[in-house]
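Participant: So the sequence shown is numbered by this note's numbering: it starts at 253 and just counts up by one. The beta-carbon is built from N, C-alpha and C at its ideal position, and this holds for glycine as well.
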Amino acid sequence: MTASRRLGSAWKWVAPIVLVQGAGGEEPPRPPTAPGPVSFLDDVAPLLVQKCIACHNAKKAESKYDLTTFTRLAKGGQQGVDITLEPGQPEESRLVELIRHDGEPRMPHKQGPLASEAVALIERWVKEGARYDGDNPDEDWVALLRRRARIIVPERYQTTVPIASVAFSPDGTAVATSGNHEVNLWKIPDGTPGHRLRGVAERVHEIAYSPNGHWLATASGDPGRAGSVKLWSALPSGQAEPGRQLFEGDDSVFAVAFSPDSAQVAAAGSDRTIRVWDVESGKLLTTIDDHADWILGLAFSPDGRLLATASRDKTSKVFDWAKKATLATFAGHADTVYSVAFTPDGRRIATGGGDGLIRIWNPTEDAKQEASLSGFKGPVFRVRYSPDGQNLVASSADRTVRVFQGNQPRLTLEGHTDWIHALAISPDGLTIASGSWDGDVRLWRLADGKPAGTFLAAPGLSKLTSTAP
253 MTASRRLGSA WKWVAPIVLV QGAGGEEPPR PPTAPGPVSF LDDVAPLLVQ KCIACHNAKK
313 AESKYDLTTF TRLAKGGQQG VDITLEPGQP EESRLVELIR HDGEPRMPHK QGPLASEAVA
373 LIERWVKEGA RYDGDNPDED WVALLRRRAR IIVPERYQTT VPIASVAFSP DGTAVATSGN
433 HEVNLWKIPD GTPGHRLRGV AERVHEIAYS PNGHWLATAS GDPGRAGSVK LWSALPSGQA
493 EPGRQLFEGD DSVFAVAFSP DSAQVAAAGS DRTIRVWDVE SGKLLTTIDD HADWILGLAF
553 SPDGRLLATA SRDKTSKVFD WAKKATLATF AGHADTVYSV AFTPDGRRIA TGGGDGLIRI
613 WNPTEDAKQE ASLSGFKGPV FRVRYSPDGQ NLVASSADRT VRVFQGNQPR LTLEGHTDWI
673 HALAISPDGL TIASGSWDGD VRLWRLADGK PAGTFLAAPG LSKLTSTAP
């Protein structure tokens with residue numbers, strides 16, 4: 253199984269979440285024979301979001317078929333001569349023909365067909381008149397469903413949660429970890445649970461604290477359904493309270509980063525667009541489109557002028573974000589580039605890739621590669637430089653965290669039992685935090701690699717074993 257496929261499938265392990273009013277599951281929200289008229293927003297739309305919207309949206313409309321508004325759904329795609337919806341006549345409706353299992357083309361095309369109960373429910377809706385029960389047929393009903401959804405997160409998780417991101421608070425007294433529809437804050441080294449920041453999309457892909465300690469940002473998303481960037485007001489002792497939502501879209505946001513002066517925050521994701529906002533006002537300052545595939549990582553240069561990216565298109569790029577100028581493209585990786593980091597002096601850039609390599613680049617000399625660091629037995633998901641620039645730390649699918657000094661291996665940290673997708677270094681440069689798909693967060697001493705603590709980052713299951721001196 254490829255890295256990108258498993259990144260998606262691993263999220264099937266998450267704790268139970270109840271979604272109310274318009275959030276789709278694997279089965280129809282109601283039996284097709286239930287009494288009462290079938291509702292488009294409550295019954296039909298969640299099925300289309302779950303199975304079809306990822307390939308039929310405003311930015312990616314396969315066969316020119318965009319389902320994001322009711323008007324566009326009814327209009328159809330490149331087969332415009334066909335009537336997509338014929339109210340009262342399922343047999344004459346192109347939509348019904350596409351979702352049935354017995355023909356080609358079929359929708360959804362790239363995944364399994366809709367359950368027979370789901371097909372029957374949509375057929376019944378068309379037979380009842382194919383009515384739209386929203387206020388405006390030209391409204392983005394995917395966004396409308398997000399607003400209607402009510403998410404109930406259990407107080408106590410029943411199982412562990414894959415950890416996609418971990419971040420130290422600027423004072424080093426707490427770490428934030430990704431949960432399911434939430435971010436969990438923990439005091440260290442004793443692992444006391446702190447705030448649970450709710451109101452984010454299903455999968456929190458990255459967490460970042462502003463260097464001045466005033467803000468926490470989240471990049472999250474539900475694949476093919478929703479994506480968001482949100483700011484939280486950071487408070488003393490590892491607490492936080494809601495700030496503002498900077499962005500809401502139709503697909504996942506994977507990366508978020510603050511500028512060194514905390515004045516700007518940047519984010520990017522599956523729509524291949526970089527966005528930069530002013531933190532205080534929330535104003536969108538610029539957008540940059542220069543990647544051919546998902547953007548998975550972001551990093552500001554130490555002076556805040558440059559922005560580096562990591563992408564599924566196998567490249568890393570450097571931008572002068574204010575001028576929207578592409579300054580360099582690093583194209584040496586043979587697979588997805590997952591992560592990118594500047595050295596503290598800004599003279600080098602490290603990238604981690606799906607080819608199991610870290611590559612070191614000089615951004616000022618024609619995108620020259622200066623070194624290639626190997627030894628990993630799987631994709632390199634995260635690369636981080638220590639504050640003094642002496643150590644480069646990386647985490648991998650091979651269940652290890654490795655520390656390099658002067659481009660030479662110095663330490664290999666072992667203990668996780670699954671992929672390590674989350675990595676952070678404390679502001680004082682003394683401690684590494686790593687988070688894995690096994691749900692563990694582990695603390696390590698950077699100086700000698702000795703464990704400093706371990707805890708399950710799942711409310712109700714968390715138990716830290718501190719080995720700090």
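Run through DSSP, which three-state label would Val-227 get?
Facilitator: Absent from the model: residue 227. The displayed extent of the chain is 253 to 721, so no value can be given.
Participant: Could you check the C-alpha separation between Ala-583 and Gly-549 for me, to the nearest Å?
Facilitator: Here residue 583 corresponds to residue number 331 of the sequence shown, with the count starting at 1. Here residue 549 corresponds to residue number 297 of the sequence shown, with the count starting at 1. Ala-583 and Gly-549: Cα-Cα distance of roughly 15 Å.
Participant: Could you tell me how far apart the beta carbons of Val-592 and Ala-551 are, in whole angstroms, since I believe they sit closer than 8 Å?
Facilitator: For the purposes of this step, residue 592 is taken as residue 340 along the sequence shown, with counting starting at 1. For the purposes of this step, residue 551 is taken as residue 299 along the sequence shown, with counting starting at 1. Indeed, because the Cβ distance is near 5 Å, the residues count as touching under 8 Å.
Participant: Evaluate the contact criterion for the region 616-632 versus the region 648-655: three or more CB pairs, one atom per stretch, below 8 Å.
Facilitator: Yes, the region 616-632 touches the region 648-655.
Participant: Taking only runs that begin and end inside the region 465-522, name each unbroken beta strand (DSSP E) of 3 or more residues, in chain order.
Facilitator: Fully enclosed beta strand (DSSP E) runs of 3 or longer: 467-474, 478-487, 491-501, 505-510, 516-521.
Participant: Can you name the start and end residues of the beta strand (DSSP E) that Trp-438 belongs to?
Facilitator: Within the sequence shown, the letter at position 186 stands for residue 438. Looking at the DSSP string, the run of the beta strand (DSSP E) that includes Trp-438 is 432-439.
Participant: Once you ignore the five residues that flank Gly-381 on each side, which residues in its own chain have a CB closer than 7 Å to its CB?
Facilitator: Working through the sequence shown from its first residue, we reach residue 381 at position 129. These residues qualify, in order along the chain: Pro-339, Gly-340.
Participant: In the DSSP assignment, find the unbroken beta strand (DSSP E) run with Val-570 in it and report its ends.
Facilitator: Indexing the sequence shown from 1 puts residue 570 at position 318. It spans 568-572 - the beta strand (DSSP E) in which Val-570 sits, taken as one unbroken run.
Participant: Counting beta carbon pairs with one atom in the region 553-572 and one in the region 587-601, are three or more of them shorter than 8 Å?
Facilitator: Yes, the region 587-601 touches the region 553-572.
Participant: Mark Glu-458 as exposed unless 16 or more other C-beta atoms lie within 10 angstroms of its C-beta, in which case mark it buried.
Facilitator: As a position in the sequence shown, residue 458 is number 206, starting the count at 1. That one is buried.
Participant: Would you mind reading off the limits of the alpha helix (DSSP H) that contains Thr-706?
Facilitator: In the sequence shown, residue 706 corresponds to position 454, counting from 1. Not the alpha helix (DSSP H): Thr-706 falls in the beta strand (DSSP E), residues 703-708.
Participant: With DSSP as the reference, label Asp-723 as helix, strand or coil.
Facilitator: Shown here, the chain extends from 253 to 721; a query on residue 723 therefore has no answer.
Participant: Rounded to a whole number of angstroms, what is the C-alpha to C-alpha distance between Leu-681 and Lys-575?
Facilitator: The residue given as residue 681 occupies position 429 in the sequence shown. The residue given as residue 575 occupies position 323 in the sequence shown. Looking at the sequence itself, residue 681 is Gly, so the reference to Leu does not match. Whole-angstrom Cα-Cα distance: 33 Å.
Participant: What's the C-alpha gap between Ala-710 and Glu-532?
Facilitator: Indexing the sequence shown from 1 puts residue 710 at position 458. Indexing the sequence shown from 1 puts residue 532 at position 280. Each residue's Cα considered, the two are about 32 Å apart.
Participant: For Val-348, which residues from the same chain have a beta carbon less than 7 Å from its beta carbon, with the 5 sequence-adjacent residues on both sides left out?
Facilitator: On the sequence shown, residue 348 is found 96 positions in, with the first residue counted as 1. Contacts found: Pro-342, Ile-374, Glu-375, Val-378.
Participant: For a quick check, are the C-beta atoms of Ser-553 and Gly-598 less than 8 Å apart?
Facilitator: In the sequence shown, residue 553 corresponds to position 301, counting from 1. In the sequence shown, residue 598 corresponds to position 346, counting from 1. In this structure, Gly-598 lies closer than 8 Å to Ser-553 by Cβ.
Participant: Looking at the unbroken alpha helix (DSSP H) that takes in Leu-325, where does it start and where does it end?
Facilitator: As a first step, residue 325 must be located in the sequence shown, where it is residue number 73. That run of the alpha helix (DSSP H) goes 322-327.
Participant: Quick one: residues in its chain with C-beta nearer than 7 Å to the C-beta of Pro-289, no 5 flanking neighbours on either side, listed in chain order?
Facilitator: Mapped onto the sequence shown, residue 289 falls at position 37. Excluding sequence neighbours, Pro-289 sits near Glu-380.
Participant: Who are Asn-614's beta bridge partners in DSSP?
Facilitator: One-based indexing of the sequence shown puts residue 614 at position 362. The partner list for Asn-614 (beta bridge, DSSP) reads Lys-620.
Participant: Whose C-alpha, out of Ala-685, Ser-368, Pro-298, Thr-539, is nearest the C-alpha of Val-418?
Facilitator: As a first step, residue 418 must be located in the sequence shown, where it is residue number 166. The shortest C-alpha separation from Val-418 is found at Ala-685.
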